[in-house]
Amino acid sequence: MMYKNTITYCFVLIVFSIFKVINSDLASVSVYGDGIRFPSLSLPLRHIFLQLVDENGQNITKPVDSNLFRILPSSLDSNCVVHDRLIDCYDGTYIYLFDIQASCANLAIDIQSTTGKSLLNPLLLEGPLHPEQCECPIPIEEWFVKAKCEEFANLLSSLNESFLQWNKGAIEITKVLEEAYSMWGVHNRSHSYVHYKIRDNTIFRQTFGEYCDFKMFSDEMLVSISRKFILPDMDFLLNLGDWPLMTMNYLKVVSPLPILSWCGSNNSLDIVLPTYEMMHSILRKGADNTFVAQGWRSISWEEKENKAFWRGRDSSKERLFLVNISRKYPDLLDAKLTHFFFFTDKVDVYGPPVHNIAMPKFFEFKYQISVDGTVAAYRLMYLLAGNSIILKQDSIYYEHFYPLLKPWVHYVPVKRDLSDLIDQIQWSMNHPEQVKTIIKNAQNFVNSYLTPRATYCYLADVFKKYAEILKKPLVNINSEKFERVPKTDSNVFCSCSNIAFRNDEL
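All letters in the sequence shown, in the order written, are residues -24 to -1, 1 to 482 by mature numbering (1 follows the signal peptide of the UniProt record, and there is no 0).
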């Protein structure tokens, strides 16, 4: 059955958010962000930044919490439903998060004082606006232009380097599969990976290895992007483990294999994707993400404890070193282990393990330590979004955005063996103004490069470039060994190219 959009002649109030401001002279609100610039770009999470402005036209920069005003999304489209959330950044700015629950022809957003006065000219977001569940893909090149992915040229430049080792049309996928199986497939307890096959934007997979549960994260990533742009027909291998697979020592026996991984290293050639942690935070409603983490700034710099802080499990020897340093300098550093898994014979030395502490409570301390676990510490994106300074260990491991991070600009560097950690903590204590600048740079980095649009642009570029290195025509590999990746059933109203339907009719 087909469902047509019905238009009414009055705005339908969907939901409203109320928050308090301390300044009675609040006069207006300025707004910006991808939610305004790209309303018809289908993303799992949309955002608008709000800056409160006083009667003198000056930005309010202090936490605000006394007078009430409200955000009113509305639409002429009776199908339109919005879920929203407001994040207080405690500096006179807010982040308005919203996601669409059914295809909308358009969406208006007004921000009013409690007296009903509009604090900005109402925004009209021209659609169509589609929810995450809608199957409305467009050609990948068209999506790349529509999303203005060229704005992330410096983020994507690292991919150019990753793909330089392969010429266009040079990769014979059957040879890659054979060599990958001989190196990793036969050691199924040590390595796990997935062979994904994309045909006509439909996703199939075959897993290798005993521990393949993490395929749920790569599945949901691929399903999401296949709803937005049409993936090229291709076969690729995705590593499900933490450690990169294509390490330099394998080059003694094989040519480089194009393996997709969540983490890279200085001694491997894997093509790095956004981590499962990052993708999960974007795709799962209610999950912590880099926007939500900006609401963990409720404690001002002056109110924070003047000490460095760390909690985590025993997944590297440097983390054990960190505990020892903390015991030697308890006035400067509070570092404890929460779980023992890798060094169970050392519990008496480095334990006992302590209870987990929720990430928002980390920011009760001025100085946050980032130390590798098995690979890069995936919590870094949350630390960058907070309002404490990061002291980051030098590392051979990296996430997809690390090439853009600069020491002394976005974080304070620490030697890999942590031998200068105390010196760097003391430097941070003695240079509060420089530290505050670094913190602000880190926050700006998050809002520039760790957004949903930046992440999907990066993914689009990965798969565009990957498809180019495959030899054509593709070999039709035995489909009996593959499972079709299911797409979540949902009774969501979708309207693609003026054709309206319920998503469960697909």
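For each residue, glycine too, the CB sits at the ideal point set by N, CA and C. Quick caveat, the model's predicted, so the values are computed rather than measured.
Hey, quick one: how far does the alpha helix (DSSP H) through Met254 stretch, first residue to last?
In the sequence shown, the residue the question calls residue 254 occupies position 278. It spans Tyr252 to Leu259 - the alpha helix (DSSP H) in which Met254 sits, taken as one unbroken run.
Go ahead and pull the three-state DSSP assignment for Thr178.
The sequence position of residue 178 within the sequence shown is 202, counting from 1. Three-state DSSP puts Thr178 in a strand.
How about the region 282 to 298 and the region 319 to 330: do they share at least three Cβ pairs that are nearer than 8 angstroms?
Segments in contact, yes.
Own chain residues within Cβ distance below 6 angstroms of Lys463, not counting five before or after:
For the purposes of this step, residue 463 is identified with residue 487 of the sequence shown, where counting begins at 1. Excluding positions up to five away in sequence, the list reads Val199.
In this structure, how does DSSP classify Val248 when only helix, strand and coil are distinguished?
On the sequence shown, residue 248 is found 272 positions in, with the first residue counted as 1. Assigned with DSSP and collapsed to three states, Val248 falls in strand.
Could you tell me which uninterrupted beta strand (DSSP E) segments, each at least 3 residues in length, are contained entirely in the region 353 to 426, listed from first to last along the chain?
365 to 369 and 388 to 390
Skipping 5 residues on each side, what residues in its chain have a beta carbon closer than 7 angstroms to that of Leu245?
Numbered from its first residue, the sequence shown carries residue 245 at position 269. Answer for Leu245: Gln141, Met222 and Pro232, listed in chain order.
Candidates Ile235, Thr37 and Phe339, of which the one nearest Leu446 by Cα
Along the sequence shown, one-based indexing puts residue 446 at 470. Taking only the C-alpha atoms, the option nearest Leu446 is Ile235.
Just curious, the beta strand (DSSP E) that Thr69 is in, first and last residue?
As a first step, residue 69 is located in the sequence shown; it is residue number 93 there, counting from the start. It spans Thr69 to Ile76 - the beta strand (DSSP E) in which Thr69 sits, taken as one unbroken run.
Taking the DSSP output, what are the residues bridged to Ser276?
If you number the sequence shown from 1, residue 276 lands on position 300. Answer is none; Ser276 lacks a bridge partner.
Assuming the contact rule is C-beta atoms closer than 8 angstroms, Val170 and Lys204 should be a hit. Round their C-beta distance to whole Å, please.
By 1-based counting over the sequence shown, the position of residue 170 is 194. By 1-based counting over the sequence shown, the position of residue 204 is 228. Wrong, their Cβ atoms sit about 21 angstroms apart, outside the cutoff.
CA-to-CA distance, Ser471 to Arg46, given in whole angstroms
For the purposes of this step, residue 46 is taken as the residue at position 70 of the sequence shown. For the purposes of this step, residue 471 is taken as the residue at position 495 of the sequence shown. Each residue's Cα considered, the two are about 30 angstroms apart.
I'd like the list of long-range same chain contacts for Glu444, defined as Cβ closer than 7 angstroms, with 5 residues on each side in sequence excluded.
Locating residue 444 in the sequence shown gives position 468, where the first residue counts as 1. Lys144, listed in sequence order.
Should the region 358 to 372 be called in touch with the region 208 to 226, which here means at least 3 C-beta pairs below 8 angstroms?
no
In three-state DSSP terms, what is Phe469?
Along the sequence shown, read from residue 1 onward, the residue named residue 469 stands at position 493. It is a strand residue.
The beta strand (DSSP E) with Asn215 in it runs from where to where?
Taking the first residue of the sequence shown as position 1, residue 215 is located at position 239. Its beta strand (DSSP E) spans residues Met210 to Asn215.
Only counting runs of 4 or more residues, tell me where the alpha helix (DSSP H) segments fall wholly within the region 29 to 110, in order along the chain.
none
In the DSSP assignment, find the beta strand (DSSP E) that holds Val7 and state where it starts and stops.
Within the sequence shown, the letter at position 31 stands for residue 7. Val7 -> beta strand (DSSP E) spans Leu2 to Tyr8.
Using the C-alpha atoms, what's the distance from His376 back to Trp219?
Your numbering for residue 219 matches position 243 in the sequence shown. Your numbering for residue 376 matches position 400 in the sequence shown. Distance between the alpha carbons of Trp219 and His376 is about 14 angstroms.
Could one say the Cβ of Ile24 lies closer than 8 angstroms to chain D's Cβ atoms, at least one of them?
Within the model displayed, chain D is absent; a lone protein chain is all it includes.
For Val5, tell me which candidate among Ile36, Phe14 and Leu21 has the shortest Cα-Cα distance.
Walking along the sequence shown from the start, residue 5 turns up at place 29. It is Ile36.
First and last residue of the uninterrupted beta strand (DSSP E) at Ala284:
Position 308 of the sequence shown, counting from 1, holds the residue named residue 284. Glu281 to Gly288 is the extent of the beta strand (DSSP E) around Ala284.
Quick one, which of Leu131, Ser18 and Phe316 has its alpha-carbon nearest Gly103's?
For the purposes of this step, residue 103 is taken as residue 127 along the sequence shown, with counting starting at 1. In this structure, Ser18 is the residue among Leu131, Ser18 and Phe316 with its C-alpha nearest to the C-alpha of Gly103.
Tell me, please, whether the region 148 to 155 touches the region 131 to 138 by the rule of three or more beta-carbon pairs shorter than 8 angstroms.
The region 148 to 155, when compared against the region 131 to 138, does not touch it at the 8 angstroms Cβ threshold.
Do you know whose CA, among Asp209, Glu340, Arg295 and His331, lies nearest Val351's CA?
The residue given as residue 351 occupies position 375 in the sequence shown. When only C-alpha atoms are compared, the closest one is Arg295.
Local conformation of Gly240 per DSSP, three classes
Taking the sequence shown and counting its residues from 1, one reaches residue 240 at position 264. Of the three classes helix, strand and coil, the one that applies to Gly240 here is strand, per DSSP.
Would you call the region 268 to 277 and the region 299 to 306 touching, i.e. three or more CB-CB distances under 8 angstroms?
no
Coarse secondary structure for Leu153, derived from DSSP in three states:
Counted from its first residue, the sequence shown places residue 153 at position 177. Helix.
Taking only three categories from DSSP, how would you classify Thr464?
Looking up residue 464 in the sequence shown gives position 488. In the three-state scheme derived from DSSP, where H, G and I count as helix and E and B as strand, Thr464 is classed as coil.
Does the region 49 to 57 come close enough to the region 70 to 90 that 3 or more CB-CB pairs lie under 8 angstroms?
yes
When the distance is taken between beta carbons, is Val422 closer than 8 angstroms to Thr266?
Taking the first residue of the sequence shown as position 1, residue 266 is located at position 290. Taking the first residue of the sequence shown as position 1, residue 422 is located at position 446. Contact: yes.
Kindly indicate which three-state DSSP category Asp310 falls into: helix, strand or coil?
Sequence index remark: in the sequence shown, residue 310 carries index 334 (1-based). If DSSP states are grouped into helix, strand and coil, Asp310 belongs with the strands.
Nearest to Pro129 by CA position, among Lys382, Gln27, Asp437 and Ile415, is which residue?
The count along the sequence shown starts at 1 and reaches residue 129 at position 153. The displayed chain sequence assigns Ala, not Pro, to residue 129. Residue Asp437 is the option with its Cα nearest to Ala129.
Over the uninterrupted beta strand (DSSP E) stretch that includes Tyr305, give me the two end residues.
Taking the sequence shown and counting its residues from 1, one reaches residue 305 at position 329. Per DSSP, Tyr305 belongs to no beta strand (DSSP E) and is neither H nor E.
Assuming Phe120 is part of the alpha helix (DSSP H), what are its boundary residues?
Locating residue 120 in the sequence shown gives position 144, where the first residue counts as 1. Counting along the chain, the alpha helix (DSSP H) containing Phe120 begins and ends at Ile116 to Lys122.
With a cut-off of 8 angstroms on the beta carbons, I'd call Ser237 and Val248 a contact; round off their distance for me.
As a first step, residue 237 is located in the sequence shown; it is residue number 261 there, counting from the start. As a first step, residue 248 is located in the sequence shown; it is residue number 272 there, counting from the start. About 6 angstroms separates the two Cβ atoms, so the contact holds.
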